[in-house]
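Asker: So the mapping is simple: this note's numbering equals the position in the sequence shown, first residue as 1, plus 26. A virtual CB, placed ideally from N, CA and C, is assigned to each residue, including glycine. Okay, here's the structure, questions in a sec.
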Amino acid sequence: EKGGHRHWMSKEIAEQPGVLADAIAHYASEDAIKLPQDIDFSGIDRVVMIACGTAFYACQTAKYWFEKIARLPVEVDIASEFRYREPPIGPNTLAVFVSQSGETADTLAALRYCAGKARIASVVNVSESSIARESDIALPILAGTEIGVASTKAFTCQLTVLHLLALKAARDRGQIEPAIFGEMLRDLRALPGLINQALAVGPDIRETAFALSEAEDILFLGRGQMYPLALEGALKLKEISYIHAEGYASGELKHGPIALIDDSVPVIVMAPTDELFDKTVSNMQEVMARHGRIVLVTDADGAATAGNDTWRVLTMPTAPSQLAPILYAIPAQLLAYHTAIAKGTDVDQPRNLAKSVTVE
Ligand code: F6R
Numbered sequence: 027e028k029g030g031h032r033h034w035m036s037k038e039i040a041e042q043p044g045v046l047a048d049a050i051a052h053y054a055s056e057d058a059i060k061l062p063q064d065i066d067f068s069g070i071d072r073v074v075m076i077a078c079g080t081a082f083y084a085c086q087t088a089k090y091w092f093e094k095i096a097r098l099p100v101e102v103d104i105a106s107e108f109r110y111r112e113p114p115i116g117p118n119t120l121a122v123f124v125s126q127s128g129e130t131a132d133t134l135a136a137l138r139y140c141a142g143k144a145r146i147a148s149v150v151n152v153s154e155s156s157i158a159r160e161s162d163i164a165l166p167i168l169a170g171t172e173i174g175v176a177s178t179k180a181f182t183c184q185l186t187v188l189h190l191l192a193l194k195a196a197r198d199r200g201q202i203e204p205a206i207f208g209e210m211l212r213d214l215r216a217l218p219g220l221i222n223q224a225l226a227v228g229p230d231i232r233e234t235a236f237a238l239s240e241a242e243d244i245l246f247l248g249r250g251q252m253y254p255l256a257l258e259g260a261l262k263l264k265e266i267s268y269i270h271a272e273g274y275a276s277g278e279l280k281h282g283p284i285a286l287i288d289d290s291v292p293v294i295v296m297a298p299t300d301e302l303f304d305k306t307v308s309n310m311q312e313v314m315a316r317h318g319r320i321v322l323v324t325d326a327d328g329a330a331t332a333g334n335d336t337w338r339v340l341t342m343p344t345a346p347s348q349l350a351p352i353l354y355a356i357p358a359q360l361l362a363y364h365t366a367i368a369k370g371t372d373v374d375q376p377r378n379l380a381k382s383v384t385v386e
């Protein structure tokens, strides 16, 4: 049933090229995005996105896309904070709830708070769930059943659907030229192939992970749209390997966390060569000057420019910059997976965790 895989998590990681291709084919044609029910973003002036855990990091990533590509302001919050804040919500707000299970108690309560105040959309994996049923529009992510407690394919499918939604918003609001829009859809269709190439880096990642399994603390760094992925990489690692890990925005390092760095602390830097690459590299050099051990996750250009003197380099395929958070989720997942294997922890059923959190 696990198709030759030792764990559900490894099966679900490997399924990503296929399920992402399904989600993309479902929502995008050659030159348009089709939703089960239209959301006309020209009448929306604010988006709030609410979720927990990994789904929350998908929302944080999507904020970069909505703001940059669609010029639409986005507020992101964790459901257990949002629901008690009594945030003002107006009729021109689109409230987006992201949940794999569709049953997370805090996310559902946040949705109910917004009901009748805003237009409600949900991005869910389980279409028959409470969150899907109580939304005006439910957008399935089409990841298929996810059994491993650590979310993997649901995360990348959430990101893909949110990316499509951001492109739709950009189109509706006249913020994107049709030619660029078509190009971005083509880029998205090429993504499953890039994910396959990233999966092929598995043996290098496994070797790095075995070395990481000796560490007591690990930091993840990213800047811009790679910052939420640093948070997700740290969450994934801590939940299944029980190694203490934290994600930081690269630029925040010097405001405190750099005090933690010595030669026993591995620092994983998520840095595709985009317009922020040089800034991230200079933060990385600050870590190296304090003998931190760097694992640089980058593309071939990045490896050539900044890979010298780092402890390890994991080379990803070169990708259109807006899709890097989806692609770099693969090494984040595989690092967590192989580190947990090296430590001998229960990858599919980590201690103290449940797949669906229906308590508050
Ligand atoms: C982490 C993980 C959790 C969930 C969170 C929300 O790997 O799986 O952080 O993402 O509990 O669950 P859903 O998406 O079902 O609302």
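For D335, count neighbouring C-beta atoms within 10 Å of its own C-beta (all shown protein chains included) and say buried if the count is 16 or more, exposed if not.
Answerer: As a first step, residue 335 is located in the sequence shown; it is residue number 309 there, counting from the start. When all chains shown are included, D335 counts as exposed.
Asker: Pull every residue with its beta-carbon under 5 angstroms away from any heavy atom of the ligand F6R, and keep them in chain order.
Answerer: Here the residues come out as C78, G79, T80, A81, S125, Q126, S127, T130, A176, S177 and V383.
Asker: Would the segment 62-71 count as touching the segment 185-204 if we require 3 or more Cβ pairs under 8 angstroms?
Answerer: Short answer: they touch.
Asker: Taking the CB atoms as reference points, tell me whether L193 and I59 lie closer together than 8 angstroms.
Answerer: What you label residue 193 is simply residue 167 of the sequence shown in a count that begins at 1. What you label residue 59 is simply residue 33 of the sequence shown in a count that begins at 1. Yes.
Asker: Beta-carbon within less than 7 angstroms of V149's beta-carbon, same chain only, minus the 5 sequence neighbours each way: which residues are those?
Answerer: Locating residue 149 in the sequence shown gives position 123, counting from the first residue. Within the same chain, V149 has close Cβ partners V122, V124, L165, I167, Q184, V187 and L188.
Asker: Measuring CB atoms only, is the segment 247-263 touching the segment 78-87, in the sense that at least three cross pairs come out at less than 8 angstroms?
Answerer: Yes, they touch.
Asker: Is the beta carbon of A393 sitting closer than 8 angstroms to the one on R109?
Answerer: In the structure as shown, the chain starts at 27 and stops at 386, and residue 393 therefore has no counterpart that could be examined.
Asker: With a CB to CB cut of under 8 angstroms and the five nearest residues on each side skipped, what residues in its chain are close to D57?
Answerer: Here residue 57 is taken as the residue at index 31 of the sequence shown, counted from 1. P204, F207, G208 and L211, listed in sequence order.
Asker: Check whether the Cβ atoms of A235 and T365 lie closer than 8 angstroms to each other.
Answerer: Translated into positions along the sequence shown, residue 235 becomes position 209. Translated into positions along the sequence shown, residue 365 becomes position 339. For A235 and T365, yes; Cβs fall inside 8 angstroms.
Asker: Roughly how many angstroms lie between the CA atoms of L98 and A141, to the nearest whole one?
Answerer: As a working mapping, residue 98 is identified with position 72 in the sequence shown. As a working mapping, residue 141 is identified with position 115 in the sequence shown. Rounded to the nearest angstrom, the two C-alpha atoms are 21 angstroms apart.
Asker: Between G170, K262 and A176, which has its C-alpha nearest E272's C-alpha?
Answerer: Here residue 272 corresponds to residue number 246 of the sequence shown, with the count starting at 1. It is K262.
Asker: When you compare the CB positions of V321 and M342, do they come within less than 8 angstroms of one another, or not?
Answerer: Your numbering for residue 321 matches position 295 in the sequence shown. Your numbering for residue 342 matches position 316 in the sequence shown. No, Cβ-Cβ distance for V321 and M342 is not below 8 angstroms.
Asker: Among all the DSSP beta bridges, which residues are the ones paired with E41?
Answerer: On the sequence shown, residue 41 is found 15 positions in, with the first residue counted as 1. Paired residues: none, contrary to the question.
Asker: Could you check what DSSP says for G328 in three-state terms: helix, strand or coil?
Answerer: In the sequence shown, the residue the question calls residue 328 occupies position 302. Looking at G328 - three-state DSSP - the assignment turns out to be helix.
Asker: Under 6 angstroms Cβ to Cβ from L245, same chain only, skipping five residues before and after it: list those, please.
Answerer: Position 219 of the sequence shown, counted from the first residue, corresponds to residue 245. Closer than 6 angstroms at the Cβ level, and outside the excluded window around L245, lie E272 and V293.
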